[in-house]
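Let me begin by presenting the structure, written as structure tokens, before commenting on it.
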Amino acid sequence: MGSSSIFFNTGGREGARRRVLLANPRGFCAGVDRAIEAVEQALEKHGSPVYVRRAIVHNSAVVQRLEQMGAVFVQELDEVPPGAIAVLSAHGSARSVKAAGQQRGLRVVDAICPLVAKVHAEVEAWYRAGRHVLLIGHQGHPEIVGTLGQLPAGAVSVISQPQDLDLLDLGPNTAVAYAVQTTFSVRDAAAMIAAIAERFSDVAGPRASDICYATTNRQAAIAEIARKSDLVLVVGDTMSSNARRLVEVALETGCPMAQLVGDAADIPWTIVREAETIGLTAAASTPESAVNSVVEALRSAGFAIDETDGTTERVRFRPVSLDPLDPPASEGSLEDRLDRLRSDLEAKIERAIGRSRGAGERRLAEAMRYAVLGGGKRFRALLVAAVADLVGGSHAQALRVGAAIECVHAQSLVHDDLPCMDNDDLRRGRPTLHRKFDEATAVLAGDALLALAFEILADNDTHPDGAVRADLVLGLARAVGQDGLAGGQMMDLYPPANPTKADLFACESRKTGALIRFAVEAGAMLGQCSQAERERLLRFAENLGLVFQIRDDMLDRIGDAAVVGKALDKDAAAGRATATALLGLDGAARQASQLESACHDALDLFGQKASPLRDLTRFAVSRMH
Ligand code: GRG
């Protein structure tokens with residue numbers, strides 16, 4: 030219904046101030062936002078059709094908008110043709126769903142809300158600890174079906190009300206643990222937990238409530254408003270559990286009437302006509318456009334809109350991993366593969382930096398992007414991918430590690446260029462970050478890139494095994510710290526009085542070699558290799574790191590500034606103890622060639638399979654940029 034067509038009977042209360050109390054927070058939560066974004070991005074990257082199993086979130090307006098963009102909603106994955114992309118909903122899915130999809134050759138993206146994934150991890154841990162799991166939630170709701178599907182049949186009992194406990198065939202001394210549907214009523218959950226504690230002697234539960242922050246905040250906000258309202262309208266879909274809970278909370282709080290509306294077209298005008306104060310909120314799956322349509326209709330009908338204060342929500346999640354959509358690493362020519370690797374890597378970094386809202390955050394994210402996405406050969410990321418490929422590691426995981434290393438590398442370049450270090454104006458053919466932005470932004474963007482690198486490595490998507498992730502984090506920490514980049518840079522800034530070749534190597538193998546060594550080590554960690562292979566790879570890495578920096582020193586003398594993308598002839602002017610200063614240009618070239626041979630020797634063990642690493646070595650020695 031268009032607001033202009035509303036005929037409104039004020040019931041003789043023209044003088045009274047009729048108002049709408051607009052709840053805060055309301056509408057989209059971070060998990061919903063993230064799931065919708067995953068479908069949008071899959072469509073943007075791969076075009077239509079992108080199949081989505083079930084409603085991505087419980088809102089028909091959202092579903093219709095995505096359908097118009099090219100998404101195809103299905104009930105089950107067997108409706109999806111092999112090879113196609115299938116996105117699983119934010120509510121989470123049973124393990125068997127994902128496994129069956131992968132078995133049919135689908136490229137499955139899981140848009141599960143991270144807070145639901147946390148509940149999945151919890152129930153699994155309780156089960157492994159020998160506890161029977163009591164899952165507090167609504168039978169048949171997709172989130173409950175998905176959580177049930179994490180464990181074998183019989184391991185979990187779903188309970189929706191305290192009386193359900195009487196139906197369980199479990200003795201009072203059974204070790205139990207409870208978990209709660211993230212969108213359950215906070216009040217009802219408390220009553221259920223109390224009933225469980227009464228019925229069982231050995232009860233474990235989550236450290237923090239399973240009910241998500243968004244449900245908790247929306248229920249608290251509407252409870253506050255409902256007390257002062259004659260009518261509460263909840264903008265949401267009838268499918269939505271959290272929307273229905275908001276209606277219940279409003280009624281329980283004492284508001285005489287509460288109703289669910291999809292948008293302005295559903296406004297119950299006969300009831301609204303009698304109301305003086307209307308509380309208005311929206312479910313976590315409701316787009317703000319639907320709320321706006323209701324607000325505008327009520328405003329046109331003579332209601333003043335009072336936006337109430339409420340909790341500010343700062344929860345953000347990293348975007349859904351679209352790794353499963355990457356084509357197999359081995360497809361296409363070498364050139365194509367390198368181009369694809371670079372573009373996949375950059376897309377990953379772009380997504381890892383993510384969306385930002387406030388002005389300060391936007392500037393920081395912009396500076397981070399400028400630093401890490403503005404050119405660069407991606408040598409270190411190519412190296413991780415080539416080593417992982419050599420030892421049977423996953424390409425998608427190698428790309429994530431490569432993205433982390435490129436973030437650290439970019440940080441080191443940004444800080445290296447600062448006035449307190451090399452004071453450079455040009456990098457990768459463009460103004461350095463502090464010239465383009467300012468020094469404070471450059472320092473902070475570097476800090477944030479460094480933190481982001483560790484965040485990427487520590488993320489579950491990088492490797493399912495926590496021990497491997499811990500090794501990756503440890504390895505990178507060592508590569509950047511006192512014995513790595515920071516220590517090497519310090520040696521460069523404060524060289525000994527009469528530096529020897531050993532001093533030079535000690536500095537260069539840290540300043541540049543440490544990250545190259547870590548790239549090789551990380552690639553090896555992602556695959557399976559014998560101790561002998563590992564030792565060879567490390568020897569290869571040691572020599573490659575040195576050769577890469579020696580060539581860098583040589584380029585300062587012989588390079589073309591336009592090709593190298595930065596000011597040259599700076600080392601000699603600054604009296605730096607570089608390879609060319611210590612060994613002369615010819616001596617440095619001879620040294621590089623010896624190191625190159627040592628790289629090839631170390632790779633002998635791998636035979637033909639190591640040819641991508643040999644190509645990268647040749648490139649390191651002969652590169653002109
Ligand atoms: C990482 C905590 C931490 C501190 C950094 C400033 C600093 C400490 C270290 C400087 C390290 C540095 C800049 C070494 C030089 C490495 C080098 C040869 C850079 C050029 O690498 P390329 O050629 O560059 O791969 P592109 O632009 O292609 O990525």
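With the numbering used here as the guide, the letters of the sequence shown map in order to residues 30 to 654.
Every residue gets a Cβ at the ideal spot worked out from N, C-alpha and C, and that includes glycine.
What beta strand (DSSP E) runs, 3 residues minimum, are completely inside the segment 223-294? Those beta strand (DSSP E) runs which fall completely within the segment 223-294 and span 3+ residues are 231-233, 260-264, 287-290.
In chain order, each alpha helix (DSSP H) run of at least 4 residues that lies wholly inside the segment 506-587: Correct list: 514-522, 530-540, 542-555, 560-587.
Specify whether the segment 80-90 and the segment 102-119 touch according to this definition: at least 3 beta carbon pairs, one from each stretch, less than 8 angstroms apart. Yes, since at least three Cβ pairs between the segment 80-90 and the segment 102-119 fall closer than 8 angstroms, the two stretches touch.
Measuring alpha carbon to alpha carbon, tell me which of A471, A474, R498, L473 ends up nearest E484. Looking at the Cα atoms, R498 is the closest of the given residues.
Simplified DSSP assignment, three categories, for S89: In the structure shown, S89 sits in a helix (DSSP, three-state: H, G or I).
L462 and A410: beta carbons closer than 7 angstroms? Against a cut-off of 7 angstroms, the Cβ pair of A410 and L462 comes out as no contact.
Taking Cβ positions, are E550 and Q578 nearer each other than 7 angstroms? No, the pair does not count as a contact, with Cβ atoms beyond the cut-off.
Please report the distance separating the alpha-carbon of L163 from that of D239. Cα-Cα distance, rounded: 13 angstroms.
Considering only residues of the segment 143-210, which uninterrupted alpha helix (DSSP H) runs meet the minimum length of 4 residues and lie entirely inside it, listed in chain order? Runs of the alpha helix (DSSP H) inside the segment 143-210: 143-157, 171-177.
Drop a sphere of 10 angstroms on the beta-carbon of G234, count the other beta-carbons inside from all chains shown, and report buried for 16 or more, exposed for fewer. Classification for G234: buried.
For V509, is the beta carbon positioned less than 6 angstroms from some heavy atom of ligand 1? Correct: V509 has its Cβ closer than 6 angstroms to ligand 1.
Please confirm whether A294 and G265 have their CB atoms less than 7 angstroms apart. Contact flag unset, no.
With distance defined between alpha-carbon atoms, name the residue in A223, G594, T341 nearest to G458. Distance from the Cα of G458 is smallest, within the candidate group A223, G594, T341, for G594.
C-beta contact flag for A328 and R371 at 7 angstroms: It should be pointed out that residue 328 corresponds to Arg in this sequence rather than to Ala. No, they are not a contact pair.
Consider the C-beta atom of K599 and the heavy atoms of ligand 1; say whether any pair is separated by less than 6 angstroms. Answer for K599: no, Cβ out of range of ligand 1.
Kindly provide the ranges of any beta strand (DSSP E) runs that are 3 or more residues long and lie completely inside the segment 292-358, ordered along the chain. Qualifying beta strand (DSSP E) stretches, in chain order: 306-311, 333-336.
Is G99 near ligand 1, going by C-beta to nearest heavy atom under 6 angstroms? Here the distance from the Cβ of G99 to the nearest heavy atom of ligand 1 is not below 6 angstroms.
Give the secondary structure of P460 by DSSP, where H, G and I count as helix, E and B as strand, and everything else as coil. Under the three-state reduction of DSSP, P460 is assigned to strand.
CB contact flag (A287, L280, <7 angstroms): Contact flag set, yes.
Short Cβ contact (7 angstroms threshold) for G542 with G504: The answer is no: Cβ separation not under 7 angstroms.
Any heavy atom of ligand 1 closer than 6 angstroms to the Cβ of A515? Yes, Cβ of A515 sits closer than 6 angstroms to a heavy atom of ligand 1.
Considering only their Cβ atoms, is the gap separating A218 from D259 smaller than 7 angstroms? No; because the gap between Cβ atoms is not below 7 angstroms, this pair is not in contact.
Please tell me whether, using a cut-off of 6 angstroms, the distance from the CB of H444 to the nearest non-hydrogen atom of ligand 1 is below it. Yes, ligand 1 has a heavy atom inside 6 angstroms of this Cβ.
Beta-carbon within less than 6 angstroms of R605's beta-carbon, same chain only, minus the 5 sequence neighbours each way: which residues are those? The answer is none, since no qualifying residue turns up.
I want to check one thing, is the minimum distance from the CB of S372 to the heavy atoms of ligand 1 below 6 angstroms? For S372, the CB stays at least 6 angstroms from every heavy atom of ligand 1.
Anticipated Cβ contact below 8 angstroms, L135 with P111, distance rounded: About 7 angstroms separates the Cβ atoms of L135 and P111, confirming a contact at the 8 angstroms cut-off.
For V261 and I225, what's the separation of their Cα atoms in angstroms? When rounded, the separation of the alpha-carbon atoms in V261 and I225 is 33 angstroms.
Where the alpha helix (DSSP H) containing D600 begins and where it ends: For D600, the enclosing alpha helix (DSSP H) starts and ends at 599-602.
Measuring only the C-alpha atoms, how far is N202 from V185? Approximately 17 angstroms, taken between the alpha carbons.
With distances taken between CB atoms, is the gap from C436 to V401 smaller than 7 angstroms? In this structure, the beta-carbon distance from C436 to V401 falls below 7 angstroms.
Between the segment 513-526 and the segment 558-572, are three or more C-beta pairs nearer than 8 angstroms? The answer is no - the segment 558-572 does not touch the segment 513-526, with fewer than three Cβ pairs under 8 angstroms.
Of all the options L611, V592, A591, which has the alpha carbon lying nearest to the alpha carbon of D600? With distances taken between Cα atoms, D600 lies closest to L611.
From the DSSP secondary-structure annotation, give me the bridge partner or partners of Y80. BP columns for Y80 point to V101, A115.
Looking at F703: is its Cβ nearer than 7 angstroms to the Cβ of R47? No statement about residue 703 is possible, as the shown extent of the chain runs from 30 to 654 and does not include it.
Among residues of its own chain, excluding the 5 on either side of E153, which ones have a beta-carbon nearer than 8 angstroms to its beta-carbon? Hits under 8 angstroms: Q179, L180.
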